[in-house]
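Encoded as structure tokens, the structure appears first; notes follow it.
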Amino acid sequence: MLYEAVLRDTRPVEWFEQAQAAERRQDWDAAIALVSTYAECFSIDPYRHNNHLWHMDLLVRAERLSELTERALTDVHARRRLNRALRERGMEAALRDRARAGDRDALYVLVRLLCEASRAQEAHRVVQDIGPDDQYAHQIMARFRSPSSRQQFIGPPPT
Numbered sequence: 020m021l022y023e024a025v026l027r028d029t030r031p032v033e034w035f036e037q038a039q040a041a042e043r044r045q046d047w048d049a050a051i052a053l054v055s056t057y058a059e060c061f062s063i064d065p066y067r068h069n070n071h072l073w074h075m076d077l078l079v080r081a082e083r084l085s086e087l088t089e090r091a092l093t094d095v096h097a098r099r100r101l102n103r104a105l106r107e108r109g110m111e112a113a114l115r116d117r118a119r120a121g122d123r124d125a126l127y128v129l130v131r132l133l134c135e136a137s138r139a140q141e142a143h144r145v146v147q148d149i150g151p152d153d154q155y156a157h158q159i160m161a162r163f164r165s166p167s168s169r170q171q172f173i174g175p176p177p178t
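If you count the sequence shown from 1, you need to add 19 to reach the working numbering.
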């Protein structure tokens with residue numbers, strides 16, 4: 020058609036559009052390569068910071084948990100996204116190991132997971148074993164307690 024050339028978009032494709040297209044195709048290598056180039060943790064540029072969060076999400080969707088685990092050693096966003104991914108996959112043992120190694124977010128994610136699964140006694144044991152003085156972990160458990168279930172816990176309620 021004569022007008023086809025006139026109506027066709029001839030702009031150069033921006034990296035963002037390329038990354039989105041790669042993500043739709045589930046071409047994780049391409050999407051991650053594109054997004055990571057424009058990603059920066061704690062950047063003053065909100066777009067770069069948002070791209071960093073997108074990058075962490077792409078790593079999970081690409082099943083690159085080992086890479087995310089490595090990044091989690093120094094990157095709080097990677098650590099949080101890794102813990103969410105472990106929770107989504109029901110990997111309680113991995114969350115427990117991370118919590119024992121000192122990852123407080125892993126502890127909180129694990130306690131929420133157990134409480135939501137009506138395993139409050141187990142959540143209580145986890146908190147007592149890993150973070151008995153962690154007030155936030157106790158607060159998470161308290162949100163899931165009802166007055167009738169308070170008796171099932173050993174020891175005094177957290178203050």
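Glycine included, C-beta positions come from ideal geometry on N, C-alpha and C.
Rounded C-beta distance between residue i and residue j? I'm assuming under 8 Å.
{"i": "R98", "j": "D122", "result": "6 Å"}
{"i": "A58", "j": "A50", "result": "Not confirmed; about 12 Å, so no contact."}
{"i": "V130", "j": "N102", "result": "Rounded, the Cβ-Cβ distance is 12 Å, inconsistent with contact."}
{"i": "E42", "j": "L77", "result": "7 Å"}
{"i": "V54", "j": "N70", "result": "6 Å"}
{"i": "A156", "j": "L126", "result": "6 Å"}
{"i": "R119", "j": "I149", "result": "6 Å"}
Looking at the unbroken alpha helix (DSSP H) that takes in residue i, where does it start and where does it end?
{"i": "M160", "result": "Q154 to F163"}
{"i": "S85", "result": "L84 to A91"}
{"i": "D124", "result": "R123 to E135"}
{"i": "E111", "result": "E111 to R119"}
{"i": "Y66", "result": "P65 to R80"}
{"i": "Q147", "result": "A139 to I149"}
{"i": "D48", "result": "W47 to T56"}
{"i": "E107", "result": "V95 to E107"}
{"i": "E36", "result": "W34 to R43"}
At a cut-off of 8 Å, is residue i close to the ligand FAD when judged by its beta-carbon and the heavy atoms of the ligand?
{"i": "V146", "result": "What this structure holds is no ligand at all, so the ligand FAD is not there to describe."}
For this session: Take every Cβ of the stretch 74 to 82, pair it with every Cβ of the stretch 109 to 117, and state whether three or more of those distances are shorter than 8 Å.
Result: no
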